[in-house]
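Numbers given in this note's numbering equal positions in the sequence shown, counted from 1, plus 193. Backbone N, C-alpha and C define an ideal beta-carbon position, used for all residues, glycine too. This report concerns only the one structure given below.
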Amino acid sequence: MRRETQNVLLILLGGALVKIALNGDYLRYVKPAQQPWIIAGGAVMVVLGAIAIVRDVLAARGQARAAAPVPADETHGHGPGEGHHHAARSAWLLVLPVLAVFLVAPPALGSDSVTRTEARAPQSSAAAEAAAFPPLPADPVVSLPLNQFVSRAGWDHSGTLNGRTVSLSGFVVHTGGSTLLARLVITCCAADAFPVTVRLLGGGADHLASDTWIQVTGQVVPGTATKANAYTPDFTTATVTPIPAPKDPYEY
Numbered sequence: 194m195r196r197e198t199q200n201v202l203l204i205l206l207g208g209a210l211v212k213i214a215l216n217g218d219y220l221r222y223v224k225p226a227q228q229p230w231i232i233a234g235g236a237v238m239v240v241l242g243a244i245a246i247v248r249d250v251l252a253a254r255g256q257a258r259a260a261a262p263v264p265a266d267e268t269h270g271h272g273p274g275e276g277h278h279h280a281a282r283s284a285w286l287l288v289l290p291v292l293a294v295f296l297v298a299p300p301a302l303g304s305d306s307v308t309r310t311e312a313r314a315p316q317s318s319a320a321a322e323a324a325a326f327p328p329l330p331a332d333p334v335v336s337l338p339l340n341q342f343v344s345r346a347g348w349d350h351s352g353t354l355n356g357r358t359v360s361l362s363g364f365v366v367h368t369g370g371s372t373l374l375a376r377l378v379i380t381c382c383a384a385d386a387f388p389v390t391v392r393l394l395g396g397g398a399d400h401l402a403s404d405t406w407i408q409v410t411g412q413v414v415p416g417t418a419t420k421a422n423a424y425t426p427d428f429t430t431a432t433v434t435p436i437p438a439p440k441d442p443y444e445y
């Protein structure tokens, strides 16, 4: 690959990193705490690429001044650089994937990742057994992150969820004849994401397409989150409301 192509790729890739960090698209891939590092890394790449381009331009000008003119009869009818333009043209094709990232950021993980990855409890059994689940607020409807709801449904033997109306949000997944409410939990980035799921009863979301974001209210069916079903509790829905996809689609 020619140096010019390398430098342009470096600038474009760095610019893409800065762009997704500033417009919030980075939340599709990493936790919010990673934003400063993405901005810093992208800025360094842009600066290094710009410095390399300026250095190469100055070096080329210096060589042009020092070079003696070549008589026309010594070129044997070949233009400057003939025989190399095909390789250079092919190298520029490598810019296309970087432009794709720059112009069209890939979406966050969704229902396809859920169906390909077995759901699990947000914490290990040992940690869950040792955890003390605090009482829920006395509100008529309690809003909980889906991973906390699944943890309580699977490990809270005091039954703090039993009989309580809870509000949850996530995206729809249709699999194995069931309709699930799902979220993806990440520790660092999308590469380590794993799903937490709730099986929705009542049919209120059965007609919705996969990846539709919804907010549901209802109650857990006690004792339905077990190791045998990958800690996916049954949830009897009272209301199902479509909502816009959140800017930050993951839980932590």
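Rounded separation between residue i and residue j - CA only
i, j, result
"Ala150", "Pro415", "Lying before the first or after the last residue shown, residue 150 is absent from the chain, which here runs from 194 to 445."
"Asp427", "Ile246", "60 Å"
"Gln256", "Asp249", "10 Å"
"Gly303", "Ile231", "23 Å"
"Trp348", "Asn355", "13 Å"
"Asn340", "Ala375", "9 Å"
"Asn200", "Ala243", "7 Å"
"His367", "Pro328", "32 Å"
"Val389", "Leu377", "6 Å"
"Ala402", "Pro299", "20 Å"
"Trp406", "His400", "13 Å"
"Arg258", "Leu220", "50 Å"
"Val365", "Ile436", "11 Å"
"Thr430", "His350", "22 Å"
"Thr198", "Leu205", "10 Å"
"Gly235", "Ala260", "37 Å"
"Arg196", "Ala253", "12 Å"
"Leu210", "Ala301", "16 Å"
"Asn216", "Leu202", "21 Å"
"Ile213", "Asp385", "20 Å"
"Gly276", "Leu251", "Low local confidence applies: a pLDDT of 46 at Gly276 is under 50, so the model's placement there is unreliable, with the coordinate-based value given in what follows. Going from the Cα of Gly276 to the Cα of Leu251 covers about 25 Å."
Nearest neighbour of residue i, chosen from the options [CA to CA]
i, options, result
"Leu361", "Gly411, Ile246, Leu203", "Gly411"
"Val240", "Val378, Tyr222, Gly208, Asp218", "Gly208"
"Asp404", "Gly356, Cys381, Asp305", "Asp305"
"Val334", "Val343, Thr358, Val409", "Thr358"
"Val223", "Ala423, Asn216, Ala383, Val391", "Ala383"
"Leu394", "Tyr445, Leu373, Ala233, Val297", "Leu373"
"Lys420", "Thr380, Val343, Val433", "Val343"
"Glu444", "Ala331, Asp399, Pro338, Glu197", "Pro338"
"Ala423", "Val307, Val297, Val237, Leu251", "Val307"
"Lys440", "Gly363, Thr380, Leu203", "Gly363"
"Ala226", "Thr380, Thr434, Val433", "Thr380"
"Phe387", "Thr310, Leu251, Gly217, Ala253", "Thr310"
"Ser336", "Thr425, Ala418, Gly217, Val409", "Val409"
"Gly369", "Ala418, Arg392, Val211, Glu197", "Arg392"
"Val433", "Ala418, Gly396, Thr425", "Gly396"
Where residue i sits in the DSSP three-state scheme
i, result
"Leu210", "helix"
"Arg376", "strand"
"Phe326", "coil"
"Gly276", "Unreliable positioning characterises Gly276 in this predicted model, as indicated by a pLDDT of 46, which lies under 50. The coordinate reading is nonetheless provided below. The answer is coil: DSSP assigns Gly276 none of H, G, I, E or B."
"Ser362", "strand"
"Ser351", "coil"
"Gly242", "helix"
"Thr198", "helix"
"Thr434", "strand"
"Val414", "coil"
"Gly270", "With a pLDDT of only 46 at Gly270, under 50, the local geometry of the prediction cannot be trusted, and the value read off the model is given with reservation. Coil at Gly270, not helix or strand."
Sheet register partners of residue i (DSSP bridge)
i, result
"Asp427", "Arg392"
"Val223", "Cys382"
"Trp406", "Phe364"
"Ala342", "Looking at the sequence itself, residue 342 is Phe, so the reference to Ala does not match. Note: Phe342 sits in no beta bridge, so no partner."
"Tyr443", "Leu377"
"Val334", "Thr358"
"Ser371", "Thr368"
Interface flag, residue i vs chain C, CB-CB below 9 Å
i, result
"Trp230", "Looking at the structure shown, chain C is missing, and only one protein chain is on hand."
heavy atom of the ligand PLP below 8 Å from residue i C-beta
i, result
"Ala245", "This structure simply doesn't include the ligand PLP, nor any ligand for that matter."
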